[in-house]
Amino acid sequence: MTIHTVATAPIAGQKPGTSGLRKKTSVFMERHYLENFVQSIFDVVGVEGKTFVLGGDGRYFNDRAAQVILRMAAANGAARVIVGQGAILSTPAASHLIRLNKTDGGIVMSASHNPGGPNEDFGVKFNMPNGGPAPESVTKIIFERTKAIKEYRIMDAQDIDLGRVGRASLGGMIVDVIDPVADYVTLMESLFDFGAIRAMFASGFRMRMDSMCAVTGPYAVEILERRLGAAAGTVVNGTPLPDFGGVHPDPNPTWAKELMDEMFGSDAPDFGAASDGDGDRNMVVGAGVYVSPSDSLALLAANAHLAPGYAKGLAGVARSMPTSTAVDRVAKVLGIGSYETPTGWKFFGNLLDVGRVTLCGEESFGTGSDHVREKDGLWAVLLWLNILAVKKMSVAAILAEHWARFGRNYYSRHDFEAVASDKADRMMVALRESLAGLKRQVVEGMTVSGADDFVYIDPVDGSVSTKQGVRVMFSDGSRFIVRLSGTGTEGATLRLYLERYEAGPLGLDRDPQEALAPVIRAAHAITRITEFTGREMPDVVT
Ligand code: G1P
Ligand code: ZN
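Next comes the structure, spelled out in structure tokens:
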């Protein structure tokens with residue numbers, strides 16, 4: 001088979017963000033675009049004689065991109081690529097396979113929760129040998145490489161049949177097409193009490209799992225319906241589609257509306273959950289009660305010891321800075337460490353690798369543990385099921401019990417999408433300039449106790465990340481945070497995170513937006529969002 005060295009030139013803007021490179025699918029399909037980025041990754045990480053994992057969330061172009069990446073890996077001298085059947089792998093399953101097979105890393109094709117299709121988004125991400133997303137130190141060099149690339153290598157060969165499990169070869173490279181679900185299921189069985197969960201389903205417990213026409217469908221059907229005995233049809237939208245059925249595969253109350261309606265309806269099942277495009281995010285809902293991701297993280301931390309995989313307790317917990325401080329309160333009571341990291345899962349990697357934390361999470365519907373190095377949607381669902389099976393209480397009762405014990409952190413995130421980038425940038429500049437003068441000011445009846453731009457010094461490797469989000473704290477413990485998204489593909493997405501704490505068992509039924517009203521007013525007055533961007537109301541409220 002011939003190896004071609006194709007002359008190319010740098011393409012502007014191939015800058016990987018918090019989760020790899022995400023662009024419109026049509027951009028990825030432009031001449032040399034995918035190839036340039038993949039060769040840049042290969043040039044940086046080195047390919048000769050190495051083994052990689054490859055898979056994606058099944059979105060449009062996933063299958064074609066997989067064939068290109070395989071031919072390029074072969075041309076660059078890779079020894080072996082382990083690829084999910086149909087080029088499918090959920091992000092957590094890919095992370096697990098990288099670790100399980102002690103490979104040199106992996107390439108995940110996904111734009112996560114962004115819509116898929118010819119007119120929507122595609123993405124490529126490199127994960128390290130520890131199974132986690134490449135850290136900034138690596139993505140920076142990859143970006144530099146995309147600006148200097150002059151050629152890429154690709155093998156002239158027929159497509160590999162990815163529809164069939166088994167071994168094939170491409171030039172001198174082995175291609176192992178594997179069942180994308182099997183090893184992941186084994187891992188879950190090692191962490192959770194499948195017997196107890198099975199018994200709960202057998203006794204009439206009802207669940208709805210919305211896989212949102214994305215990658216978790218096959219995983220959820222195998223685990224929930226086949227292994228745990230949940231009723232057939234428990235998993236809905238369980239077939240991964242190239243365009244995710246035309247919806248945003250984003251598990252939040254806005255995009256998983258069908259599930260929310262059912263869970264708040266008269267015949268609601270006991271438990272509901274949804275996951276995103278590539279299976280790393282999760283949303284959980286009880287009958288008539290929504291569980292915010294920040295509360296979910298805190299509650300899982302408080303109860304993880306009920307699952308066999310965490311029976312020995314947790315080493316520590318970590319949350320992204322904008323995530324509510326609810327989990328910190330749990331850590332304090334448990335007497336374990338808690339860490340505050342910048343937004344993005346990659347910042348948890350070092351803490352997990354050295355064993356300082358066992359559980360971590362983000363307000364953006366991400367929860368996970370040291371079992372892989374990505375957040376893991378189905379893992380969170382199974383930990384919830386394990387807790388429900390042991391406690392034998394409803395989701396609402398467990399939440400009420402938690403708030404009564406730890407107090408309640410009212411929390412919400414307001415997203416302003418597709419804002420003109422220059423307007424958003426000007427707003428952030430003005431806000432940053434105003435920080436020094438904010439302290440002790442009274443805004444909308446709230447006294448500012450401090451304001452800064454979050455800087456993170458990694459406690460393991462000492463690396464410093466600056467400008468990770470402006471946060472404004474108030475004297476009553478409330479706070480808000482503003483940052484620009486690093487994963488949007490259209491203009492700027494402005495995220496406003498709002499939090500307010502209330503001790504004791506008060507106000508359990510209170511609407512978070514209402515509880516947060518003074519913080520929302522103060523945030524708007526301080527940031528001047530409307531003045532700078534023309535926006536009054538957020539596009540998405542979670
Ligand atoms: C968003 C979330 C962040 C998450 C990332 C990848 O990033 O806010 O918590 O890690 O997606 O799923 P953002 O768009 O805010 O940069
Ligand atoms: Zn995702």
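In my numbering, the protein residues as written are 1 to 542.
Yeah, the Cβ is synthetic: ideal placement off N, Cα and C, and Gly gets one too.
What you are looking at is a predicted structure, and each value in this text was computed from that prediction instead of being measured.
For residue 266, the Cβ stays outside the 7 Å cut-off from all heavy atoms of the ligand ZN. For residue 239, same chain residues with a beta-carbon under 6 Å away, outside a window of 5 residues either side, are 217 in chain order. In this structure, residue 495 has its CB closer than 7 Å to one or more heavy atoms of the ligand G1P.
Counting C-beta pairs closer than 8 Å gives fewer than three between the region 141 to 152 and the region 99 to 117, which falls short of the contact rule. Residue 283 and residue 540 have their C-alpha atoms roughly 15 Å apart. Taking a 10 Å sphere around the C-beta of residue 133, we find 16 or more other C-beta atoms and assign the residue as buried.
Secondary structure of residue 469 (DSSP, three-state): coil.
Annotated three-state conformation of residue 170 is strand, per DSSP. Residue 274 is bridged by DSSP to 210, 283. A straight line joining the alpha-carbon of residue 247 with that of residue 293 spans about 21 Å. If you check the CB distance, residue 470 and residue 464 do not come in under 8 Å.
Counting only residues of its own chain and dropping the five nearest sequence neighbours on each side, residue 431 has a CB closer than 7 Å to the CB of 470, 482, 527. Around the Cβ of residue 363, a 10 Å sphere holds 16 or more other Cβ atoms; the residue is buried. Counting along the chain, residue 36 sits inside the alpha helix (DSSP H) bounded by residues 33 to 45.
A distance of 8 Å or more separates the beta carbons of residue 235 and residue 263.
Residue pairing by DSSP puts residue 51 in a beta bridge opposite 80. Here residue 96 is buried. Its C-beta has 16 or more other C-beta atoms within 10 Å.
Proximity of the beta carbon of residue 366 to the ligand G1P is indicated: a heavy atom of the ligand is located closer than 7 Å.
Within the model, the alpha-carbon separation for residue 175 versus residue 340 is close to 40 Å. Taking 8 Å as the cut-off, the Cβ atoms of residue 319 and residue 297 count as close.
Taking C-beta atoms as the reference points, residue 56 and residue 88 count as a pair closer than 8 Å. Annotated three-state conformation of residue 60 is coil, per DSSP. Nearest neighbour of residue 104 by Cα position, chosen from 52, 513, 79, 139, turns out to be 52. Taking all protein chains shown into account, residue 31 has fewer than 16 neighbouring C-beta atoms within 10 Å of its C-beta and is therefore exposed. DSSP places residue 353 within a helical segment (H, G or I) once states are collapsed to three. Looking at 225, 467, 190, 325, the one whose alpha-carbon comes closest to that of residue 207 is 225. If you check the CB distance, residue 107 and residue 126 come in under 8 Å.
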